[in-house]
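Undergrad: Residue numbers (this note's numbering): 23 to 294. Here it is: the structure, laid out below.
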Amino acid sequence: MEFRDVMTRRRMLALGAASAALLLAGDRVKGASAGAPHPLARGRAVIPTQNTSPSPTPTPTPAPPSPTPLPRRKEAVHRVHDVLPDAPPNAISLTIDDGPQPEWTPKMLDLLAEHDVKATFSLIGIQVKQYPKLAQRIVAEGHQLCNHTMNHPLGIASMSSRQVDREITEAHDRICDATGVVPKFFRSPGGAWSRAVFGSAARHGMLPIDWDIDPRDWSRPGTRHIKKSMLAAKGGDILLCHDGGGDRSETIKALGQVLPKLKARGLSFVLL
């Protein structure tokens, strides 16, 4: 083979090797472009850009609204017209205590909706903490809210002012946080009152409320007994029932018969 042919062959081999190298580098760059930039891209190393923008500042949770204090009372109200002086003579009011409770509160709400009755629900703070959506449903369906303390201490009347205030304040905050509603009423557990209880309720802008008709349904005395007690209601009465604190099947069954009968007698359910 002549010298000229040898040189020509060497140049062709060199060109082929260079072309293969370029193709291989191009494939690597192409494959890396799907993720971070490949170091060989454009012939220089590429350093990924870091995000230096500041993190967004979290939105603070708004504090519960500050209530307007009321004068301290010496006794709780137990008549509709003590709360609503302009209510008609045939007005009565239904109050439901010790919820929200996941089994019985929905059934109570369904029953009230069926009979077009609005009620005042006395909520326990620890229950609201566990079941905030039920508290929200109560408000969404047009019912009234009442503070019933954080833990329902039956001995609240013998507690110190600081202990009473803690019970009422914590429940106030829980109810406000869950529903956006500031309770206008306070019901003491078991109807137990003291100077400290009246004072704390007043400082929180809440009217203390009791009741006229109490079927003691919390003790499960039987549907017949609950029904008989409730049917004794007359104009101006505040009625007490429960959706929390235990099996409330007797209460639900009794109210299913009582509500239409009271309305048929010309009594009108009003919100406190």
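Note that beta-carbon positions come from the ideal geometry of N, C-alpha and C, so glycine has one too.
#1: Buried or exposed: which applies to R66, given that a residue is buried once 16 or more other Cβ atoms fall within 10 Å of its Cβ?
#2: Is there contact here, the region 202-209 with the region 161-178, by at least three beta-carbon pairs under 8 Å?
#3: On the premise that I260 lies in contact with V102, defined as a C-beta separation below 8 Å, what is that separation, rounded to the nearest angstrom?
#4: Could you have a look at H247 and say whether DSSP puts it in helix, strand or coil?
#5: Opposite T107 in the DSSP bridges: which residues?
#6: If we define contact as Cβ-Cβ less than 8 Å, is F220 a contact residue for chain B?
#7: Taking the alpha helix (DSSP H) that T171 belongs to, which residues open and close that run?
#8: If we count the other Cβ atoms within 10 Å of its Cβ and call it buried at 16 or more, is F291 buried or exposed?
#9: Tell whether a beta-carbon distance below 8 Å holds between G267 and D120.
#10: If I follow the unbroken beta strand (DSSP E) through L294, where does it start and stop?
#11: Taking the C-alpha atoms as reference points, what is the distance between K140 and L253?
#12: Suppose the cutoff is 6 Å on Cβ atoms and the five residues either side in sequence are ignored; what does the same chain contact list for A200 look like?
#13: From which residue to which residue does the beta strand (DSSP E) around A141 run?
#14: Output the distance between the C-alpha atoms of R238 and K249, rounded to the nearest integer angstrom.
#15: Who pairs with H100 in a beta bridge, going by DSSP?
#16: For L229, which residues from the same chain have a beta carbon less than 6 Å from its beta carbon, with the 5 sequence-adjacent residues on both sides left out?
#17: D265 and Q123 look like a contact to me (Cβ under 8 Å); what is the Cβ gap, rounded to whole Å?
#18: In the region 148-199, which residue ranges form an unbroken alpha helix (DSSP H) of at least 4 residues, counting only runs that do not cross its ends?
#19: Please state whether DSSP places P230 in a helix, a strand or coil.
#20: Using the Cβ count rule (16 or more neighbours within 10 Å means buried), how would you classify L131?
#21: Measuring alpha carbon to alpha carbon, tell me which residue in A224, A179, H100 is nearest P117.
#22: Our contact map puts R209 next to S144 with C-beta atoms below 8 Å; I'd like the distance itself, whole angstroms only.
#23: What are the start and end residues of the beta strand (DSSP E) that includes G121?
#24: Three-state secondary structure (DSSP) at L131?
TA: This is what the structure gives:
#1: With a pLDDT of only 35 at R66, under 50, the local geometry of the prediction cannot be trusted, and the value read off the model is given with reservation. By the neighbour-count rule (16 or more Cβ atoms within 10 Å), R66 is not buried but exposed.
#2: yes
#3: 6 Å
#4: helix
#5: Here residue 107 turns out to be Pro, not Thr, going by the sequence shown. The partner list for P107 (beta bridge, DSSP) is empty, contrary to what the question assumes.
#6: Given the protein chain composition of this structure (a single chain), no chain B is represented.
#7: First-last for T171: undefined, no H or E at that position.
#8: buried
#9: yes
#10: L294 -> no beta strand (DSSP E), and no H or E assigned at all.
#11: 18 Å
#12: V150, P154, A157
#13: Where A141 is concerned, there is no enclosing beta strand (DSSP E), given that its DSSP letter is neither H nor E.
#14: 11 Å
#15: Beta-bridge pairing links H100 to no other residue.
#16: F207
#17: 6 Å
#18: 154-162
#19: strand
#20: buried
#21: Strictly speaking, residue 117 in this sequence is Thr, with Pro absent from that position. The option with the nearest alpha carbon to T117 is H100.
#22: 5 Å
#23: 113-121
#24: helix
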